[in-house]
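Numbering-wise, numbering that gives the first Met the number 0 puts 957 at position 958 of the sequence shown, and it's gapless, one number per residue. All residues carry an ideal CB built from backbone N, CA and C; glycine is no exception. Data block below; observations after.
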Amino acid sequence: MAAGDASLPLVALQDGGVRHGPAPPPDLPKMAAAGLAPPLGGGSKMAGGAVEPGRVVEALELLLGRPEGPGPDGAPLRLEALRGNAAALEERLRGEPCWAALRGLRAAVLGRAPALAAGAEDEAEPGWAAACAVLALLLCLKERLAALSAAPTAPAAAPGAAPPPAADTLSAAQGRTVRRALRAAVGLGLVPYLPPGVGQRPGLPAPPPSPGVARGARLRAATAALVELAQHPALGVPLLAQHLGLLLAGLCLLGHGPAVHCEGLSEAERAQSREALQHVLDCVYQPLAVRELLILQGGPKQSPPAGEETKPALARSPAWLRRLCGQLLSERLMRPNGLQAVVRGIMEGAGGGTDAEAAAVNWRKCDAVAKILASCPQQCLSLEDYYKHVCPQILDLLHIQDKLTARQFQRVATTTLLTMVKEHPQLAEKHLLQPLLTPLLRCSDAAEIAEEDLSAGTVLVTEAELSSCVEDVFKVYVVGNDSSSLLLRSLQSVLGVVFSLYSFAKQNVSYLRSPCQEVLLWFLEKSERETSLWVLEGCVGLTSSVHRLHPQCCFRVGSEGGAAIAVKEPISDEDEALYQKVSLEQCHVESLVELLSHCQQSGLAGDFFIHCLKALTHVAVEDEAAASCGAVAGCSLLELEQHSAGQKRKLLVLQLVATLCESVSDTVFTNIAQVEEFVAVTLQRACVSLTQGHGTAVEAQTLSMAMGLVAAMLSGAVQLKSSDFAVLKRLLPLLEEVSCTHPDPVIQELAADLRIAICTHGAFSTETVDTAAESMLGKKLGPSRTEAGTAPCQSPGAGGALPRHGHGCSHPSASRESEEQTVHGKPSAAGPAAAPSAESLTPAQLHELLLSAYDPQVPVRAAALRSLSSLITQRNPEALQIQEKILQVFLESVQHEDSFVYLSAIQGAALLSSEYPEQILPVLLARYGRPVQGTEDTTAAVTRMKLGEVLMRITRALGDMVIKHREPLIHAFLRGARDPDSTLRASSLSNLGELCQRLGFQLGSVIHEVSSCLTAIAKTDPEAEVRRAAVHVVVLLLRGLSKKATEVLQDVLRDLYRLLKHVVAAEPDGAAVLHAQLALEELDTAVRSVLFPPQVLEKKIVVLP
């Protein structure tokens, strides 16, 4: 019996068996008239037992026709073609026996859907008829796929082989046909019956239906069929991925739309549509549902910003649909993890990739999402309930691990949090900031820790929890960069714990050091200056302005590079406990000083230094008060504790000031006001000491230094303005007190002269002020300062002159010398042009020679420098007695821009240093190590390169004796190789190469430092000339050692060889490659001489006894 015989079809049973029996097709018209449908277990299974999914797909292809035109779906469908294809399909279903099973299955499906059965027979509406036919076939396909998926899966062909595909899997070609069928079903059965503004319309494949047609009934039939199709994965995935918006539009219209669009539908049917809408929204991927609801909601037409790509505007939706979509979106938001779904749907980041990166850059969209999330929906009971539900999800957005979506999620979370803080600060603090800071608050000294948690070793905050908290704080506060009062106040409550963690991470290897430092610097920058100073005091324990780490808690090194907080182990040894306490305080002070090193540009470091000096003055006052009150014997316990706390604070202030003086550079003061405050504090402390009557030598030196600083400013070290003099005038009362009460007459005179200079805005300057300025600057002011200083001695107006002071103008001889040279147009007879011989040189002539070294005329100055060099060579006794002054002259002339002057100075400094290397060389090395203060970076780099030339000339002059100064020379050049200026780095490396070449066997263990430096620079330095110089050092080193290179460089020879090979292979600079090749040739020669020594033919003659 043929399997395709229509009279005896194969019927599939539940247990997988097959039975034969007559099964006439059901009378569909009668069943439809009676409102009945054949049961699924009977008619449909009997009719479709032999139907394969491929047969249904073939019927769909026959109905839709072959795709024509570009694209996977071909050209749009035409009704005439659909009518002809439907007739051909009906003919095949009736005429061919192999299609009888499909005919029976389709009849069973249409029997359950009377509306589709009636529409398929309606020739007056060809579009609706075609839609019903396509939906019927798709329902048949769904029935067969469901039956096949229920069948047991066939075992694998062989052990270890890939399992066979599921029975309900469609091929690629079948999938394309199904997608075309779904598109046709939606376009013909759904789109024409949606009113304007409801749903997006990809196109109108069919004209609108005739008037008088029951739109609601047809829309109900189409949506019911599509909802049933969506229940199977093979059909639901393409349907919901491409046509979810239209399906939602139909369900919204049927369940919630106006009654005029739902004629002919009962309330039960509308309720079923509402249930189907909720079911589809709950089952579909939530970001996709949010996105489609937003599109369905529509919006007003908005002009895009300039420069951005124009996108098609959303159609204006009716009011009832906008309200409904808003309600549905609120429901999506209130679901578990609904906020993440809403963010993904709005940000178009459901798929990640480039869309996620583009959305992260689009800050306008992030702000819009933040405003949406920060506003409470109408469906929520109260604002606090909404915050209670949403705020934990906002914090969870900060923990997204995917790098592509993390940027957009974190930006949205940060912006939302900041928006909530601005709109509802109390609720935001309760539900956002406090949970965010909970791990840090839990272990602060303000927290109340339960007794059961205080057992030794109990972990209060795990490593993962603490790391996540610190990273979240960094994202919210630093990246968000909103300095509102609530954020600053909330962060200040945990700033002490953050500082303790920063100090702990600084002493250990932890990735938490950088975020903690950024958080601390952000707070110090955004807060008021008084608050910042107050917090800095609290971090080291001077005040209780911040809550520090609980005294019974400590940090532990984490296994993942972070840290954990646990309860301390008890220490029985008091000495050990005291040692740990002192070490911790010292660590905190050092960490604070390092933190302040990053705040010098803002002036915070200078302000805090002055603040500490003021505290030091208060300490002196308190000591005097305590001394006047007598001993603390007989005091109560409370008074003893207060006294002990006061002594501890005094020691901490002294330690802090000492560490700041050692660590903070001399650029701590950034403006005149800070310098004035520093001098004022110093003068106040001096006045307090004078009042107490026990001034020390150290205090006298400090006072002299402070007044010398003012003298240097008044002498031209800083360009002062009128506003700066207004600041300096605040020192006048203190200077007057010092001039009246200080026992030293020199300090009295200096204080009085400084008062006069400040009051006259520098118009009157005495020799005492100039001397103090020279002592502070470490150099003479020179003739140019003298000439500038003589002008203020004249009257600034036409009303006469100020009275001359005994020392009103400095260096009168230099002034007369300059005037004489200017008037006569030639050097004076006592100048260097007529320098006397070394035997007949008098002190006065030597003094005039030194003055000529500052002459503004270049030939006179250069001649004077060469004359001084000649005196050094001849070992003149008078010149050797003032060798320090001569060295100062040479060093100042090195900074001159004319080569005639600075080359003469270089030669003289080299001659003087070669004669007295023990005294002169440390001075030169110190100058080479740090630039001259008050000069620009470029000028300082040029001056240091000139000093490097001096050092190299000294090296050549010393010869083999240079071994005694090997360490400081090599270290100076190594430090110069790390300078920010690339030219100075190259110069230092060149000097290092020549020095190593001359040292030869005497390099010693320093070769390891040299090798490491050269390797790092040759591989990582961004400038080609510096890399070239590093390789050239290797060339000089190998060339200087020659055949002995393998003995001297045996520990680093392999590293140098690898470096040279790396340069040859990867260096883009041709000159550096050439140097590396030359070095390899030198190395090859040295190695060959060791491996293949020359054979010497010699004859031995032995004389036997």
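Checklist line | Contacting residues, own chain, Cβ-Cβ under 6 Å from Ser904 (five flanking each side not counted) | finding: Taking the sequence shown and counting its residues from 1, the one referred to as residue 904 is at position 905. The sequence shown places Ala at residue 904, not Ser. Excluding positions up to five away in sequence, the list reads Leu864, Phe889, Ser892 and Val893.
Next item on the list: If I'm right that Leu519 touches Phe498 with Cβ under 8 Å, what's the distance once you round it to whole angstroms?
Entry: Taking the sequence shown and counting its residues from 1, one reaches residue 519 at position 520. Taking the sequence shown and counting its residues from 1, one reaches residue 498 at position 499. The pair is a contact, with the Cβ atoms about 6 Å apart (cut-off 8 Å).
Next item on the list: Taking Thr938 as the reference, give the member of Ala908, Ile969, Asp980 and Ile962 with the closest Cα.
Entry: For the purposes of this step, residue 938 is taken as the residue at position 939 of the sequence shown. Nearest option by C-alpha distance: Asp980.
Note to self: Suppose contacts are defined by Cβ-Cβ distances below 8 Å. Is Arg331 in contact with Ala373 by that definition?
What the structure shows: Taking the first residue of the sequence shown as 1, we reach residue 331 at position 332. Taking the first residue of the sequence shown as 1, we reach residue 373 at position 374. For Arg331 and Ala373, no; Cβs fall outside 8 Å.
Checklist line | Alpha-carbon spacing of Gly337 relative to Gln285, whole angstroms | finding: Walking along the sequence shown from the start, residue 337 turns up at place 338. Walking along the sequence shown from the start, residue 285 turns up at place 286. Using only the alpha carbons, I get a separation of about 8 Å.
Margin query: Contact defined as beta carbons within less than 8 Å: I believe Ala1078 pairs with Leu1059. What is the distance between those atoms, to the nearest angstrom?
Written below: In the sequence shown, counting from the first residue as 1, residue 1078 sits at position 1079. In the sequence shown, counting from the first residue as 1, residue 1059 sits at position 1060. Sure, about 5 Å apart at Cβ, within 8 Å.
Next item on the list: Using three-state DSSP, classify Cys261 as helix, strand or coil.
Entry: Position 262 of the sequence shown, counting from 1, holds the residue named residue 261. Three-state DSSP puts Cys261 in coil, outside helix and strand.
Note to self: From the DSSP secondary-structure annotation, give me the bridge partner or partners of Gly297.
What the structure shows: Numbered from its first residue, the sequence shown carries residue 297 at position 298. DSSP, once it has assigned bridges, lists Arg315 as partnering Gly297.
Checklist line | Per DSSP, cross-strand counterpart(s) of Phe554 | finding: To locate residue 554, count along the sequence shown from 1; it is residue 555. According to DSSP, Phe554 bridges with Ile564.
Item checked: Beta-carbon proximity check, Cys611 vs Leu650, cutoff 8 Å -> The count along the sequence shown starts at 1 and reaches residue 611 at position 612. The count along the sequence shown starts at 1 and reaches residue 650 at position 651. Cβ distance not < 8 Å, so Cys611 and Leu650 don't count as in contact.
Checklist line | Inter-stretch contact (C-beta, 8 Å, three-pair minimum) for the region 566-577 and the region 671-690 | finding: no
Check: Going by the CB atoms, is the gap between Val478 and Thr413 shorter than 8 Å?
Finding: Here residue 413 corresponds to residue number 414 of the sequence shown, with the count starting at 1. Here residue 478 corresponds to residue number 479 of the sequence shown, with the count starting at 1. Cβ atoms of Thr413 and Val478: closer than 8 Å.
Checklist line | Within 8 Å, strictly: CB atoms of Thr222 and Leu181 | finding: The count along the sequence shown starts at 1 and reaches residue 222 at position 223. The count along the sequence shown starts at 1 and reaches residue 181 at position 182. No; because the gap between Cβ atoms is not below 8 Å, this pair is not in contact.
Checklist line | Pairwise C-alpha distance: Pro424 and Ser531 | finding: As a first step, residue 531 must be located in the sequence shown, where it is residue number 532. As a first step, residue 424 must be located in the sequence shown, where it is residue number 425. In a straight line, the C-alpha of Ser531 is about 23 Å away from that of Pro424.
Next item on the list: Please go through the region 840-879 and give each complete alpha helix (DSSP H) segment of 4 or more residues, from N-terminal end onward.
Entry: 842-851 and 857-872
Note to self: Alpha carbons only, please: which of Glu993, His430 and Leu144 is nearest the one belonging to Val1034?
What the structure shows: Looking up residue 1034 in the sequence shown gives position 1035. For the residues Glu993, His430 and Leu144, the minimum Cα distance to Val1034 belongs to Glu993.
Notebook entry, point to check: Which word fits Lys141, buried or exposed, when buried means at least 16 other C-beta atoms lie within 10 angstroms of its C-beta?
Noted result: Reading the sequence shown from its first residue, position 142 is the one you call residue 141. Flag for Lys141 reads buried.
Checklist line | Boundaries of the beta strand (DSSP E) in which Val458 is found, first to last residue | finding: What you label residue 458 is simply residue 459 of the sequence shown in a count that begins at 1. From DSSP, the beta strand (DSSP E) with Val458 extends over Val458 to Val460.
Item checked: Pick from Glu262, Gly196 and Leu713 that is closest to Ala248, judged by C-alpha positions -> Start at 1 with the first residue of the sequence shown, and residue 248 comes out as number 249. Answer by Cα proximity: Gly196.
Next item on the list: Could you check which residue in Leu713, Ile953 and Val1032 has the C-alpha nearest to that of Pro916?
Entry: In the sequence shown, counting from the first residue as 1, residue 916 sits at position 917. When each option's Cα is compared against that of Pro916, the closest is Ile953.
Check: Distance, Cα to Cα, Ala772 vs Phe608?
Finding: Against the sequence shown, residue 772 aligns to sequence position 773. Against the sequence shown, residue 608 aligns to sequence position 609. So the alpha carbons of these two residues sit roughly 23 Å apart.
Next item on the list: Please determine, among Val1047, Ala1064, Lys1043 and Leu1055, the residue with the shortest C-alpha to C-alpha distance to Arg1087.
Entry: If you number the sequence shown from 1, residue 1087 lands on position 1088. The option with the nearest alpha carbon to Arg1087 is Lys1043.
Check: Quick one: complete alpha helix (DSSP H) runs, 4+ long, within the region 669-750?
Finding: 671-691, 696-711, 721-727 and 731-740
Next item on the list: Could you pull out every unbroken alpha helix (DSSP H) segment of at least 4 residues lying fully inside the region 995-1030, listed in chain order?
Entry: 1005-1019
Checklist line | Member of Leu403, Leu137 and Thr690 whose CA lies at the smallest distance from the CA of Ala58 | finding: The residue labelled residue 58 in the question sits at position 59 within the sequence shown. Ranking Leu403, Leu137 and Thr690 by Cα distance to Ala58 puts Leu137 first.
Notebook entry, point to check: Count the other CB atoms within 10 Å of the CB of Trp127; is the residue buried (16 or more) or exposed (fewer)?
Noted result: Your numbering for residue 127 matches position 128 in the sequence shown. Classification for Trp127: buried.
Check: How long is the line joining the alpha carbons of Leu616 and Ala679, rounded to whole angstroms?
Finding: As a working mapping, residue 616 is identified with position 617 in the sequence shown. As a working mapping, residue 679 is identified with position 680 in the sequence shown. Note that residue 616 is Thr in the sequence shown here, rather than Leu. Computed Cα separation, rounded: 11 Å.
Next item on the list: In the DSSP assignment, find the alpha helix (DSSP H) that holds Lys370 and state where it starts and stops.
Entry: As a working mapping, residue 370 is identified with position 371 in the sequence shown. Run containing Lys370: Trp362 to Ala373, per the alpha helix (DSSP H) assignment.
Margin query: In chain order, what are the residue ranges of uninterrupted alpha helix (DSSP H) at least 4 long that sit wholly in the region 953-986?
Written below: 965-975
Checklist line | Under the three-state DSSP convention, the category Leu1079 falls into | finding: Indexing the sequence shown from 1 puts residue 1079 at position 1080. Here Leu1079 sits in helix by DSSP.
Check: Any contact of the region 1052-1068 with the region 1013-1030, i.e. 3+ C-beta pairs under 8 Å?
Finding: yes
Notebook entry, point to check: For Arg321, which of Ile294, Val726 and Val737 has the nearest alpha-carbon?
Noted result: The count along the sequence shown starts at 1 and reaches residue 321 at position 322. Nearest of Ile294, Val726 and Val737 to Arg321, Cα basis: Ile294.
Check: How would you call Ser1011, buried or exposed, if buried means at least 16 neighbouring beta carbons within 10 angstroms?
Finding: If you number the sequence shown from 1, residue 1011 lands on position 1012. Burial call: exposed.
Next item on the list: Figure out for me which residue from Gln700, Met706, Asp606 and Glu661 has the closest Cα to the Cα of Thr669.
Entry: Looking up residue 669 in the sequence shown gives position 670. It is Asp606.
Check: Does Lys728 get closer than 8 Å to chain D when you measure Cβ to Cβ?
Finding: Chain labels in this structure do not include chain D; a single protein chain is all it has.
Next item on the list: Please determine, among Ser484, Lys429, Leu323 and Phe972, the residue with the shortest C-alpha to C-alpha distance to Gln377.
Entry: Indexing the sequence shown from 1 puts residue 377 at position 378. Considering only alpha carbons, the answer is Leu323.
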